[in-house]
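Visitor: Sharing a structure with you now.
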Amino acid sequence: MARFAIKGLDVYVEQWNEDAKQTIVLLHGFTGSTKTWHRVIANLPTNIRCIAVDLIGHGQTAAPLTENQYSMIFQIELLHELFRILNLKNFVLLGYSMGGRVALSYAVRFPSQLTRLILESASPGLVGEQQRKMRKIADEQLAEKIVANGVESFVNKWEDIPLFASQKLLPAEVQQEIRKERVQQCEIGLANSLRGMGTGVMPELWGKPLATLPIPVTLITGALDEKFVHLNNEMQKQIVKANHIIIPAVGHAIHVENPTKFATIVKETIS
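What follows is the structure, given as C-alpha cells:
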C-alpha cells in the first residue's frame with residue numbers, strides 16, 4: 003500500500019509481487035476501489051506484479067471539490083505520471099466498466115506504454131450528440147441526488163438496478179463486501195466522477211481511435227449482460243487486434259461474480 007502526491011492530489015495504490023518482471027495495472031469501476039480486485043489477485047500467480055489504483059474520487063484517493071479534476075483527460079494524465087513514478091513500461095492495463103473507459107482512453111493516448119489492453123464490460127462512449135446530451139443530463143440529476151441524499155441512499159437504489167441483478171445470486175458474504183465498498187465512498191467523489199468522467203462527457207472513442215489501436219485488446223463480457231455483449235461485439239469489429247470473450251452465467255461484474263474464472267482468463271491472456 004502506498005500513497006503518491008500527483009498533480010496536487012493523493013493517489014492510493016496497492017501492489018503485489020513487486021519484484022516480478024511482468025506487470026498488470028487494474029482500474030476499478032464506479033463506486034469501486036482497489037478492494038474489488040483482491041479476490042482476482044489472490045488467484046493470479048506470484049510471477050505477475052499487480053498494481054491496483056483508486057481512481058479520482060474513489061476509495062482512498064483524493065476527492066477534490068473542483069469538477070475539472072475529474073475529467074477523463076486529467077485522470078489519464080494523472081495515471082501517466084503515476085506510471086512514470088513507478089517506472090512502468092511495457093505493461094498490461096486492465097479496466098472494468100468506468101475503469102475500462104479510463105483504460106481505453108489511456109491506451110488511445112499512450113499506446114506505446116502498453117503491451118496489451120484488457121477491458122471488462124467497457125464501452126468507448128456514446129455515439130451522437132443527442133445521446134450524449136441526454137446521458138449528461140441524467141448523470142447530473144443523479145449527481146445532485148447523491149450530494150443531497152448521501153451515499154447510503156444512493157447505494158440502496160444503485161445495487162437494485164438491472165445491471166447488477168445477477169449479483170443478487172452471490173453469497174451473502176460477497177454481497178456484503180460489495181455493499182461495504184460502495185457505502186465507504188464519498189458523495190462529492192461519486193457526484194463529480196459522473197460529471198467529469200461519465201459517458202455523456204467523455205471523448206467518444208468509436209471509429210478512428212479504436213481502429214488505430216496498435217496493441218492487442220481483450221474484451222470480456224458476461225453473457226447475462228446483453229447490452230455490453232452487443233457493445234463489445236461492435237467494438238471487436240473496429241479494433242484490429244481484438245478478441246471478445248463472453249463468460250456464461252455472469253453479468254456486468256465478471257471479476258466479482260466469478261473471480262477464479264476471471265483470473266484464469268487474465269493469466270491465459272497475458273502469458
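The C-terminal residue of the sequence shown carries number 273 in our numbering, and the numbering is unbroken.
For each residue, glycine too, the CB sits at the ideal point set by N, CA and C.
Find the nearest neighbour of Q186 within the set G10, Q115, T117, F32, judged by alpha-carbon distance.
Guide: By one-based count along the sequence shown, residue 186 stands at place 184. Taking only the C-alpha atoms, the option nearest Q186 is F32.
Visitor: Decide yes or no for the touch test of the stretch 244–256 against the stretch 144–151: beta carbon pairs closer than 8 Å, at least 3 of them.
Guide: Touching, no, given that fewer than three Cβ pairs across the two stretches are closer than 8 Å.
Visitor: Take A109 and list the residues in its own chain whose beta-carbon comes closer than 7 Å to its own, dropping the five residues that flank it on each side.
Guide: Taking the sequence shown and counting its residues from 1, the one referred to as residue 109 is at position 107. Result list for A109: L95, L116, L119, L215, I217, in chain order.
Visitor: Answer with buried or exposed for R304, where buried requires no fewer than 16 other C-beta atoms within 10 angstroms of its C-beta.
Guide: A question about residue 304 goes unanswered here, because the residues of the chain that appear run from 3 up to 273.
Visitor: In this structure, does DSSP put F6 in helix, strand or coil?
Guide: What you label residue 6 is simply residue 4 of the sequence shown in a count that begins at 1. It is a strand residue.
Visitor: Can you tell me the Cα-Cα spacing of T302 and S73, whole angstroms?
Guide: Any property of residue 302 remains undetermined from this structure, which presents the chain solely from 3 to 273.
Visitor: I'd like to confirm the pairing. Which residues does DSSP put opposite T25 in its beta bridges?
Guide: Indexing the sequence shown from 1 puts residue 25 at position 23. DSSP links T25 through a beta bridge to R51.
Visitor: Are the beta-carbon atoms belonging to V27 and I53 less than 8 Å from one another?
Guide: For this step, residue 27 is matched to residue 25 along the sequence shown. For this step, residue 53 is matched to residue 51 along the sequence shown. Contact: yes.
Visitor: Under a Cβ-count criterion, where at least 16 other Cβ atoms within 10 Å of its own Cβ denotes burial, should T25 be classed as buried or exposed?
Guide: In the sequence shown, counting from the first residue as 1, residue 25 sits at position 23. Buried: at least 16 other Cβ atoms inside 10 Å.
Visitor: Helix, strand or coil for W208, going by three-state DSSP, please let me know.
Guide: Stepping through the sequence shown from its first residue, residue 208 is reached at position 206. Coil.
Visitor: Measure the C-alpha to C-alpha separation of H257 and Q178 and round it to an integer number of angstroms.
Guide: The sequence position of residue 257 within the sequence shown is 255, counting from 1. The sequence position of residue 178 within the sequence shown is 176, counting from 1. Their backbone Cα atoms lie some 16 Å apart in a straight line.
Visitor: Tell me the residue span of the beta strand (DSSP E) that contains I267.
Guide: As a first step, residue 267 must be located in the sequence shown, where it is residue number 265. Where I267 is concerned, there is no enclosing beta strand (DSSP E), although the alpha helix (DSSP H) it sits in stretches over 261–272.
Visitor: Am I right that N194 and E69 are in contact with their C-beta atoms under 8 Å? What's the rounded C-beta distance?
Guide: Along the sequence shown, read from residue 1 onward, the residue named residue 194 stands at position 192. Along the sequence shown, read from residue 1 onward, the residue named residue 69 stands at position 67. Yes, they are in contact, since the Cβ atoms of N194 and E69 sit about 5 Å apart, within 8 Å.
Visitor: Who does E16 pair with in a DSSP beta bridge?
Guide: Translated into positions along the sequence shown, residue 16 becomes position 14. DSSP lists A54 as partners of E16.
Visitor: Using beta-carbon positions only, say whether G59 and G191 come within less than 8 Å of one another.
Guide: The residue you call residue 59 lines up with position 57 of the sequence shown. The residue you call residue 191 lines up with position 189 of the sequence shown. Yes.
Visitor: From T36 to R181, what distance separates their C-alpha atoms?
Guide: For the purposes of this step, residue 36 is identified with residue 34 of the sequence shown, where counting begins at 1. For the purposes of this step, residue 181 is identified with residue 179 of the sequence shown, where counting begins at 1. If you draw a straight line from the Cα of T36 to the Cα of R181, it comes to about 14 Å.
Visitor: Just the Cα atoms here: how many angstroms apart are W18 and Q132?
Guide: Numbered from 1 along the sequence shown, position 16 holds the residue referred to as residue 18. Numbered from 1 along the sequence shown, position 130 holds the residue referred to as residue 132. About 44 Å.
Visitor: Just curious, the beta strand (DSSP E) that A244 is in, first and last residue?
Guide: Within the sequence shown, the letter at position 242 stands for residue 244. From DSSP, the beta strand (DSSP E) with A244 extends over 244–249.
Visitor: Identify the continuous alpha helix (DSSP H) that holds I163 and give its terminal residues.
Guide: Taking the first residue of the sequence shown as 1, we reach residue 163 at position 161. First-last for I163: undefined, no H or E at that position.
Visitor: Kindly give me the distance between the Cβ atoms of K138 and G202, rounded to whole angstroms, as I take these residues to be in contact under 8 Å.
Guide: As a first step, residue 138 is located in the sequence shown; it is residue number 136 there, counting from the start. As a first step, residue 202 is located in the sequence shown; it is residue number 200 there, counting from the start. Yes, K138 and G202 are in contact; Cβ-Cβ is about 3 Å, under 8 Å.
Visitor: Under DSSP, the beta strand (DSSP E) around Y72 begins and ends at which residues?
Guide: By one-based count along the sequence shown, residue 72 stands at place 70. No beta strand (DSSP E) contains Y72, which DSSP labels as neither H nor E.
Visitor: Can the beta-carbon of R41 be found closer than 8 Å to that of I78?
Guide: Here residue 41 is taken as the residue at index 39 of the sequence shown, counted from 1. Here residue 78 is taken as the residue at index 76 of the sequence shown, counted from 1. Their beta carbons are not under 8 Å apart, which means R41 does not touch I78 by this criterion.
Visitor: What are the boundary residues of the beta strand (DSSP E) that G34 is part of?
Guide: Along the sequence shown, one-based indexing puts residue 34 at 32. Looking at the DSSP string, G34 is not in any beta strand (DSSP E), and its letter there is neither H nor E.
Visitor: Quick one: using the 10 Å Cβ neighbour count with 16 as the cut-off for buried, is E189 buried or exposed?
Guide: By one-based count along the sequence shown, residue 189 stands at place 187. Around the Cβ of E189, a 10 Å sphere holds 16 or more other Cβ atoms; the residue is buried.
Visitor: Does DSSP put L128 in a helix, a strand or coil?
Guide: Reading the sequence shown from its first residue, position 126 is the one you call residue 128. The answer is coil: DSSP assigns L128 none of H, G, I, E or B.
Visitor: How is V219 classed by DSSP in three states: helix, strand or coil?
Guide: Position 217 of the sequence shown, counting from 1, holds the residue named residue 219. In the structure shown, V219 sits in a strand (DSSP, three-state: E or B).
Visitor: Do you know whose CA, among W208, I8, A140, L46, lies nearest T262's CA?
Guide: Residue mapping note: residue 262 aligns to position 260 of the sequence shown, counting from 1. The candidate whose alpha carbon is nearest that of T262 is L46.
Visitor: Is G200 near D141, with beta carbons less than 8 Å apart?
Guide: For the purposes of this step, residue 200 is taken as residue 198 along the sequence shown, with counting starting at 1. For the purposes of this step, residue 141 is taken as residue 139 along the sequence shown, with counting starting at 1. A contact, by the Cβ cut-off of 8 Å.
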